[in-house]
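Chemist: One structure follows; several queries about it will come next.
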Amino acid sequence: MEFDKFIPEKVRKRFPNIKTPLINGRPLIKTAKANHAMIIACNCRCRLPAEGIARASMVTGAPVMYEIAKSELTYTEFTPQTFVEYIVSVNEAIGNTAVPFAVHADHLTVKNPDQVAEVRDLIAAQLDAGFTSFAIDASHMENELNLDATKELAQAIQDAGYCLEVELGEIGAKKGSTEGFTQPEEAAWFIGKLNTAGLHPDLLAINNGSIHGTYFGAAHEGIQLDLTKSIWDAIQPWDADIAQHGITGTSLGKIRQFINYGIRKGNVGTFWQNISFGIAMNENGNALATSDKDYITRSYRGLPDSLWEEMTRWAQETGNTGGNIKKANKVFADRFNKIDRVYTDRITAQGYEEGVKLFEATNSIGLAPKVREYLGSVSS
Numbered sequence: 005m006e007f008d009k010f011i012p013e014k015v016r017k018r019f020p021n022i023k024t025p026l027i028n029g030r031p032l033i034k035t036a037k038a039n040h041a042m043i044i045a046c047n048c049r050c051r052l053p054a055e056g057i058a059r060a061s062m063v064t065g066a067p068v069m070y071e072i073a074k075s076e077l078t079y080t081e082f083t084p085q086t087f088v089e090y091i092v093s094v095n096e097a098i099g100n101t102a103v104p105f106a107v108h109a110d111h112l113t114v115k116n117p118d119q120v121a122e123v124r125d126l127i128a129a130q131l132d133a134g135f136t137s138f139a140i141d142a143s144h145m146e147n148e149l150n151l152d153a154t155k156e157l158a159q160a161i162q163d164a165g166y167c168l169e170v171e172l173g174e175i176g177a178k179k180g181s182t183e184g185f186t187q188p189e190e191a192a193w194f195i196g197k198l199n200t201a202g203l204h205p206d207l208l209a210i211n212n213g214s215i216h217g218t219y220f221g222a223a224h225e226g227i228q229l230d231l232t233k234s235i236w237d238a239i240q241p242w243d244a245d246i247a248q249h250g251i252t253g254t255s256l257g258k259i260r261q262f263i264n265y266g267i268r269k270g271n272v273g274t275f276w277q278n279i280s281f282g283i284a285m286n287e288n289g290n291a292l293a294t295s296d297k298d299y300i301t302r303s304y305r306g307l308p309d310s311l312w313e314e315m316t317r318w319a320q321e322t323g324n325t326g327g328n329i330k331k332a333n334k335v336f337a338d339r340f341n342k343i344d345r346v347y348t349d350r351i352t353a354q355g356y357e358e359g360v361k362l363f364e365a366t367n368s369i370g371l372a373p374k375v376r377e378y379l380g381s382v383s384s
């Protein structure tokens, strides 16, 4: 395998006979930066979308990250171990030996100092499970507390040599308002302080107007690219780049602009859930819903209609309507994993097509050999 010698030690320990290039996330980000591209990071809340994404990545030569957030581990079937196992198994099953990918721990959220120990334990488990990229998110706290928690948690990741993402400014805070937006001087202070402490983040996630999930009603995408560029400029002395969260519902035209504003990693999550569930979407990939936040589905997409009807009844009975339909991923996981092939095939096909569009928009097609060149240059 072309990337065999670049498989991290912990991944090799977890998967002694691995036959697919699960590597450190850092070379993906650094290669994207050098080639004016962006890496798509896909949150997979169930097993259904992974094959389509993997096939699109393999065919186009576009490296990709597969990710799962700390919160998603509570409402999906996955543990850290089973998530990495599944991603590896999908890539091995389709014969991917030449297009590298990373497995990313998204939003390792710390909402108060008392949660630091819990997240430290989770990071240790994810390192052992084979994760190769990590995002510490202490952005819910004041900046000084965020800095303290980030410093405490980042050391284990840096010691392992893995890609490190940190966050300043809570994503989606104060929806519809500029209040809470990350500011360039804050970003420079934050990244500068981390570097002074001997910690060197590859990526900074910011609040620049995006939200997680679906834009309901009159809400609409509002990513502020000029602000993003100002923040990116401010952190260039430390060679850090921007991680853009909350891309679902953003037009491909705007996504194409991201690479001009310092964005090197782009998170896409709810979009893949929409594909899996068969939810109708507009031209920007935002779910279509009624005024009561009931999703509109297409009978020729995603899950069987009968299963979707069961899910919506469950959601209504349990109060998990609207965005909380995501919690169905765990409740109905066994059912998802047993649907007929006609349904898995159409989910894979749509995931493939949409994956290719995203790789085209981010200039990441054909980046795989350049990742290999980068690895060769830093290891020689």
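In this note's numbering, the protein residues as written are 5 to 384. The beta carbon of each residue, even a glycine, is placed where N, CA and C say it ideally should be.
Please confirm whether I27 and V68 have their CB atoms less than 8 Å apart.
Modeler: Within the sequence shown, the letter at position 23 stands for residue 27. Within the sequence shown, the letter at position 64 stands for residue 68. Cβ distance not < 8 Å, so I27 and V68 don't count as in contact.
Chemist: CA-CA distance, A177 and I210?
Modeler: One-based indexing of the sequence shown puts residue 177 at position 173. One-based indexing of the sequence shown puts residue 210 at position 206. Low confidence applies to A177: its pLDDT is 48, below 50, so where it sits in the model is not reliable, and the reading given next is rough at best. In a straight line, the C-alpha of A177 is about 11 Å away from that of I210.
Chemist: Can you give me the start and stop residues for the beta strand (DSSP E) that T113 sits inside?
Modeler: Locating residue 113 in the sequence shown gives position 109, counting from the first residue. Segment F105 to T113, the beta strand (DSSP E) holding T113.
Chemist: With a CB to CB cut of under 6 Å and the five nearest residues on each side skipped, what residues in its chain are close to G226?
Modeler: Within the sequence shown, residue 226 is the residue found at index 222, counting from 1. Cβ within range, chain order: G213.
Chemist: In its own chain, which residues sit with a C-beta less than 6 Å from the C-beta of E364, not counting the 5 before and 5 after it?
Modeler: Position 360 of the sequence shown, counted from the first residue, corresponds to residue 364. Same-chain partners within the cutoff: there are none.
Chemist: Give me, in chain order, the residues of the same chain whose beta-carbon lies closer than 6 Å to that of N21; leave out the 5 immediate sequence neighbours on both sides.
Modeler: Reading the sequence shown from its first residue, position 17 is the one you call residue 21. Counting only Cβ-Cβ distances below 6 Å, and skipping sequence neighbours, we find nothing.
Chemist: Is N100 near the ligand ATP, judged by its Cβ being under 7 Å from some heavy atom?
Modeler: You won't find the ligand ATP in this model; it holds no ligand whatsoever.
Chemist: May I ask you to report which of helix, strand or coil DSSP gives N271?
Modeler: On the sequence shown, position 267 is the one that residue 271 refers to. N271: strand per DSSP, three-state reduction.
Chemist: By DSSP, does E377 sit in helix, in strand, or in coil?
Modeler: Mapped onto the sequence shown, residue 377 falls at position 373. E377: helix per DSSP, three-state reduction.
Chemist: Using alpha carbons as the reference points, say which of V88, V360, G253 and N367 lies closest to S137.
Modeler: If you number the sequence shown from 1, residue 137 lands on position 133. Nearest option by C-alpha distance: V88.
Chemist: Could you check the C-alpha separation between I72 and K34 for me, to the nearest Å?
Modeler: Reading the sequence shown from its first residue, position 68 is the one you call residue 72. Reading the sequence shown from its first residue, position 30 is the one you call residue 34. Each residue's Cα considered, the two are about 22 Å apart.
Chemist: Tell me, please, whether the region 296-310 touches the region 321-340 by the rule of three or more beta-carbon pairs shorter than 8 Å.
Modeler: yes
Chemist: In angstroms with no decimal places, state the Cα-to-Cα distance between K258 and L371.
Modeler: Here the question's residue 258 lines up with position 254 in the sequence shown. Here the question's residue 371 lines up with position 367 in the sequence shown. In a straight line, the C-alpha of K258 is about 21 Å away from that of L371.
Chemist: Report buried or exposed for V346, applying the criterion of at least 16 other Cβ atoms within 10 angstroms of its Cβ.
Modeler: Along the sequence shown, one-based indexing puts residue 346 at 342. Classification for V346: exposed.
Chemist: Out of V375, T348, I369 and S368, state which residue places its alpha-carbon closest to the alpha-carbon of R51.
Modeler: Residue 51 sits at position 47 when you count from the first residue of the sequence shown. That would be T348, whose Cα lies nearest to the Cα of R51.
Chemist: From A58 to H40, what distance separates their C-alpha atoms?
Modeler: Within the sequence shown, residue 58 is the residue found at index 54, counting from 1. Within the sequence shown, residue 40 is the residue found at index 36, counting from 1. Those two C-alpha atoms are separated by around 22 Å.
Chemist: The alpha helix (DSSP H) that contains F87, what's its start and end?
Modeler: On the sequence shown, residue 87 is found 83 positions in, with the first residue counted as 1. P84 to A97 is the extent of the alpha helix (DSSP H) around F87.
Chemist: What span of residues does the beta strand (DSSP E) with M69 cover, start to end?
Modeler: Your numbering for residue 69 matches position 65 in the sequence shown. That run of the beta strand (DSSP E) goes V68 to A73.
Chemist: Within 10 angstroms of the Cβ of T78, are there 16 or more other Cβ atoms? Answer buried if so, exposed if not.
Modeler: One-based indexing of the sequence shown puts residue 78 at position 74. Exposed, since its Cβ has fewer than 16 Cβ neighbours within 10 Å.
Chemist: Could you spell out where the alpha helix (DSSP H) holding S137 opens and where it closes?
Modeler: Translated into positions along the sequence shown, residue 137 becomes position 133. Unbroken run through S137 is the beta strand (DSSP E), S137 to D141; no alpha helix (DSSP H).
Chemist: When burial is assigned at 16 or more other CB atoms within 10 Å of the CB, is G180 buried or exposed?
Modeler: Looking up residue 180 in the sequence shown gives position 176. Confidence at G180 is low in this model, with a pLDDT of 41, below 50, so its placement is unreliable and no value can be given for it.
Chemist: Alpha carbon to alpha carbon, how far is Y90 from I329? Give it in angstroms, no decimals.
Modeler: Looking up residue 329 in the sequence shown gives position 325. Looking up residue 90 in the sequence shown gives position 86. Distance between the alpha carbons of I329 and Y90: 23 Å.
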